[in-house]
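A short worksheet on the structure shown next.
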Amino acid sequence: MNILVINAGSSSLKYQLYDMTTESVLAKGRVERIGMESSILTHEVEGRADVREVSEILEHTTAVRKVLDMLTHRSFGVLESIGDIQAVGHRIVHGGESFKESVLIDADVKLEIRNLFDLAPLHNPAHMMGIQAVEANLPDVPQAVVFDTAFHQTMPATSYLYAIPKVFYRKHKVRRYGFHGTSHDYVSKQAAAFLGRPLEELKIISCHIGNGASCTAILHGKSYDTSMGMTPLEGLMMGSRSGDLDPAIVPFAINKEDLTLNEVNSMLNKHSGLMAVSGISSDMREVVEAMESGDENARLAFEMYAYRIRKYIGSYAAAMNGVDVILFTAGVGENSAVLRKRVCEGLTFLGLDFDEERNELRSSETRSITRDGSAVNVLVVPTNEELLIARDTYRLVIGKE
Ligand code: AMP
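Using UniProt numbering, the first residue of the sequence shown is number 1, and each one after it goes up by one.
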């Protein structure tokens with residue numbers, strides 16, 4: 001069975017086509033600048049040169065059609081016809097409290113995703129455009145939706161409630177939802193498989209450290225607490241997001257700098273984090289480079305970033321009364337040995353015996369970076385959200401047949 005995985009944003013659409021008999025990626029790519037004159041489609045097939053096509057793509061239905069044309073193209077394609085796509089899986093950022101797991105799309109599901117637009121105004125409407133674009137191009141193909149929030153629906157109220165008047169939760173569903181759930185779910189299963197231990201026995205702290213970053217306490221296979229909140233702004237310091245801060249700073253900033261609420265929102269989401277503290281970049285590679293050539297602001301940004309991850313690890317070890325596995329994943333977590341080292345240096349009190357040589361090894365496989373016998377296993381686990389979306393879609397479609 002071939003499954004097309006789609007991640008639709010407001011002006012972009014990423015895709016990966018999976019052959020589920022081998023779980024291999026037949027092709028992947030992205031359409032950028034949707035809605036502009038010179039939209040760009042980049043198409044990649046392993047072993048072949050990348051294809052880059054510039055054309056006018058004004059909306060998502062055309063974007064999906066262009067992707068399908070490319071997948072079936074005589075020279076660049078990998079399929080005989082679009083009839084060779086048996087199902088489509090979509091990444092959806094916000095599933096609110098309605099979606100505790102992945103589901104096949106029907107009219108009720110679409111209505112509920114619409115009802116959640118308020119909670120994720122930047123993401124869910126774009127995902128809906130992706131769903132409708134697939135419907136228009138592949139009307140008979142089943143579609144599934146996989147939610148970033150669903151994995152965290154197991155959190156207890158002690159973790160997900162904010163200590164504010166209840167009316168906000170009752171009327172407006174203000175609570176912690178958490179994100180990167182597909183990734184935390186996938187990497188925790190990979191970690192258990194790597195260690196050859198049942199997931200249900202483990203206390204795992206999963207650190208998804210990419211441009212967006214979150215830590216999750218996974219107790220016996222279920223999300224127990226996570227650092228992102230009602231939106232992805234809360235928690236760790238990120239590339240351009242502030243993470244945790246005193247909420248009183250918001251009215252203070254509005255008063256002192258004569259800012260609007262939208263401007264403060266944009267400041268906290270787009271102009272804070274590594275970017276603001278380093279004054280150089282939101283990209284950890286550039287911050288580390290500057291730090292290594294002696295830039296003090298870059299050093300401070302790096303130190304704050306690592307310190308906050310360590311604080312969350314400490315608090316989640318306390319929350320679960322212990323930790324067996326700490327894992328690092330995503331762009332920074334998988335690639336930055338210096339960041340992993342800095343975080344782990346302060347965790348020897350947990351019995352963690354860090355292995356500097358293993359930490360420096362580069363590999364695309366799951367690996368341990370602690371010495372054999374360490375009381376806590378620290379792993380680097382490459383994430384693969386698209387594969388999990390493809391797997392969930394496959395399971396749902398097969399289950400229906
Ligand atoms: P993601 O959001 O998971 O795609 O991660 C993207 C981020 O990973 C980029 O913004 C970079 O900061 C970071 N990244 C990628 N490679 C490296 C590396 N070798 N060292 C440090 N950070 C990296």
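Glycine residues also receive a C-beta, built at the ideal position from the N, C-alpha and C atoms.
Is M284 near the ligand AMP, going by C-beta to nearest heavy atom under 6 angstroms? Distances from the CB of M284 to the heavy atoms of the ligand AMP include at least one below 6 angstroms.
Beta-carbon within less than 6 angstroms of H123's beta-carbon, same chain only, minus the 5 sequence neighbours each way: which residues are those? Correct list, in chain order: V93.
Taking G96 as the reference, which of S38, V141, V134 and V174 has the closest Cα? Cα-wise, what sits closest to G96 is V174.
Reducing DSSP to helix, strand and coil, say where D225 ends up. D225 falls in the strand class under three-state DSSP.
Our contact map puts V78 next to L26 with C-beta atoms below 8 angstroms; I'd like the distance itself, whole angstroms only. With a contact defined as Cβ atoms closer than 8 angstroms, V78 and L26 qualify at about 4 angstroms.
Consult DSSP for K311 and reduce its assignment to one of helix, strand or coil. Three-state DSSP puts K311 in a helix.
Express the C-alpha separation of T226 and N335 in angstroms, rounding to a whole number. Just so you know, the alpha carbons of N335 and T226 end up roughly 22 angstroms apart.
Just to check, is the beta-carbon of N335 closer than 6 angstroms to a non-hydrogen atom of the ligand AMP? Distances between the C-beta of N335 and the heavy atoms of the ligand AMP include at least one below 6 angstroms.
Let me know the beta strand (DSSP E) ranges lying completely inside the stretch 11–36, each 3 residues or longer, listed in chain order. DSSP runs (the beta strand (DSSP E)) wholly in the stretch 11–36: 13–19 and 24–32.
Below 6 angstroms, is the gap between the Cβ of G210 and the nearest heavy atom of the ligand AMP? G210: yes, Cβ under 6 angstroms from the ligand AMP.
According to DSSP, is K400 part of a helix, a strand, or is it coil? It is helical.
Thinking C-beta only, is A191 closer than 7 angstroms to L379? Contact: yes.
Following a CB-centred definition, is V332 positioned closer than 6 angstroms to any heavy atom of the ligand AMP? True, at least one ligand heavy atom lies under 6 angstroms from that Cβ.
Which same chain residues end up closer than 6 angstroms to D84 when comparing Cβ atoms and leaving out the 5 residues on each side of it in sequence? Beyond the five residues adjoining it in sequence on each side, D84 comes within less than 6 angstroms, by CB distance, of N2 in the same chain, given in chain order.
Residues of its chain near V264, where Cβ-Cβ distance is below 7 angstroms and the 5 sequence neighbours each way are ignored: Within the same chain, V264 has close Cβ partners V250, A253 and I254.
Residue range of the unbroken alpha helix (DSSP H) whose run includes L68: Here the alpha helix (DSSP H) through L68 covers H60 to L71.
Tell me the rounded alpha-carbon separation between Y256 and L4. The sequence shown places Lys at residue 256, not Tyr. The C-alpha of L4 is placed about 50 angstroms away from the C-alpha of K256.
Simplified DSSP state of R52, which is helix, strand or coil: Strand, per DSSP.
Using CA atoms only, rank isn't needed, just tell me which of T21, H180, K222 and A390 is closest to L199. Of the candidates T21, H180, K222 and A390, the one whose C-alpha sits nearest the C-alpha of L199 is K222.
Flag this pair as yes or no: are the beta carbons of V288 and A301 separated by less than 7 angstroms? Cβ distance not < 7 angstroms, so V288 and A301 don't count as in contact.
If you count every other CB in all the chains shown that lies within 10 Å of the CB of V167, and 16 or more means buried, which is it? Residue environment analysis places V167 among the exposed positions, since fewer than 16 neighbouring C-beta atoms fall within 10 angstroms of its C-beta.
N377 classed as buried or exposed, judged by whether at least 16 other C-beta atoms fall within 10 angstroms: By the neighbour-count rule (16 or more Cβ atoms within 10 Å), N377 is buried.
At which residue ranges does the stretch 164–196 contain complete beta strand (DSSP E) runs of 3 or more residues, listed in the order of the chain? Taking only runs of at least 3 residues, no beta strand (DSSP E) segment lies wholly in the stretch 164–196.
By how many angstroms is the C-alpha of E59 removed from the C-alpha of Y312? One Cα belongs to Y312, the other to E59, and the distance between them is close to 41 angstroms.
Which of helix, strand or coil does DSSP assign to N321? Reduced to three states, the DSSP call for N321 is coil.
Please return the same chain residues whose Cβ sits closer than 6 angstroms to the Cβ of S38, not counting the five positions on each side in sequence. Correct list, in chain order: V54.
What does a CB cutoff of less than 6 angstroms around residue 460 pick up in its chain, not counting 5 residues either side in sequence? The question about residue 460 has no answer, for the chain in this structure spans 1 to 401.
Does the contact criterion of 3 or more C-beta pairs under 8 angstroms hold for the stretch 65–73 versus the stretch 40–52? Segments in contact, yes.
Would you mind working out which of M284, K270 and G130 sits nearest S10, comparing C-alpha positions? Ranking M284, K270 and G130 by Cα distance to S10 puts G130 first.
Cβ separation of I326 and I205, assumed to be a contact under 8 angstroms, to the nearest whole Å: 5 angstroms between Cβ atoms; contact.
Can you list, in chain order, the residues of its chain whose CB lies under 8 angstroms from that of K341, leaving out five sequence neighbours each side? These residues qualify, in order along the chain: F354, E356 and N359.
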